[in-house]
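In the working numbering, the protein residues as written are 14 to 260.
Structure follows, in structure tokens:
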């Protein structure tokens, strides 16, 4: 299946004042999205990653149109939700009945409310760790089946919003393939804060997941959320460092 993973187009002025926007520019390597890409590719799916941080909205649409995806996953934060909806609306008009889902901090926090707010722009919301949820969604779509029972999703069926149980947290992070950094394009574009690194390119690694706190301002605060921190092995982290250095 052809899968497009998308970060909507944005510029620093969307977040910061015009006086400070230029000094605030920093771009993390989007590890969450790249992990989803690597799991999908490992299963044999064809994947592109389109990062709107470096191209215009029109260029983003052109790239996706040329790929003609069957599955589109759009990443969204709170400030980016309006842009995610705009992207989904234009893709819906351009591609017709393509399956479009949303993931990221804002969809995880709001879940059903995202589908209520967006009307029929999105077919589903991914409500937690997205790697194997997106893989299962793509496999269901390829088989012509709906998302009933796919853990970690809120979805539409016959005009109704339905919620599946949350997906259990991954216990063994070492089983994940390394993020698909080859999809990033020019690595020199990705400079994490404070955007003043002397030696480039810069890589970002994930060494653990989870949290045992319940801060009231966190997007993951949820009465049903599982607790617990999970760590990768030292060997796995060292292998990824070597992988980055060899790239």
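Heads up, the beta-carbon is just placed ideally off N, CA and C, and yes, glycines get one too.
Per DSSP, reduced to three states, the secondary structure at residue 257 is helical. Check the Cα spacing between residue 64 and each of 76, 250 and 117: the tightest is with 76. Residue 62 and residue 18 do touch by the CB rule: their CB atoms are close to 5 Å apart, below 8 Å.
Below 8 Å, enough C-beta pairs join the segment 160-168 and the segment 179-195 to call them touching: three or more. Per DSSP, the continuous alpha helix (DSSP H) segment holding residue 47 begins and ends at 44-55.
The alpha-carbon separation between residue 118 and residue 259 amounts to approximately 32 Å. Boundaries of the alpha helix (DSSP H) around residue 122: 118-123. In chain order, 60 and 193 place their CB closer than 7 Å to the CB of residue 54, counting only its own chain and leaving out the 5 sequence neighbours on each side. DSSP assignment within the segment 92-177 yields the following whole alpha helix (DSSP H) runs of 4 residues or more, N-terminal first: 94-108, 118-123, 125-131 and 144-155. Taking C-beta separations shorter than 8 Å and ignoring five residues to either side along the sequence, the partners of residue 47 in its chain run 62, 192, 193, 194, 196 and 197, following chain order. Counting the other Cβ atoms within 10 Å of the Cβ of residue 229 gives fewer than 16, which makes it exposed.
Contact between the segment 124-135 and the segment 148-156 is absent: fewer than 3 CB-CB pairs across the two stretches fall below 8 Å. Scanning 219, 112 and 203 for the CA closest to the CA of residue 135 turns up 112. C-alpha of residue 201 to C-alpha of residue 218: approximately 16 Å in a straight line. Closest option to residue 120, judged by alpha-carbon separation, among 91, 105, 246 and 74: 91.
The beta carbon of residue 141 lies closer than 6 Å to those of 165, 179 and 180 in the same chain, with the five residues before and after it left out. Taking C-beta separations shorter than 7 Å and ignoring five residues to either side along the sequence, the partners of residue 68 in its chain run 22, following chain order. In the displayed model, residue 229 falls within coil according to three-state DSSP, outside both helix and strand. In the DSSP assignment, residue 191 falls outside any beta strand (DSSP E), carrying neither H nor E. Residue 18: member of the beta strand (DSSP E) spanning 15-20, first to last residue.
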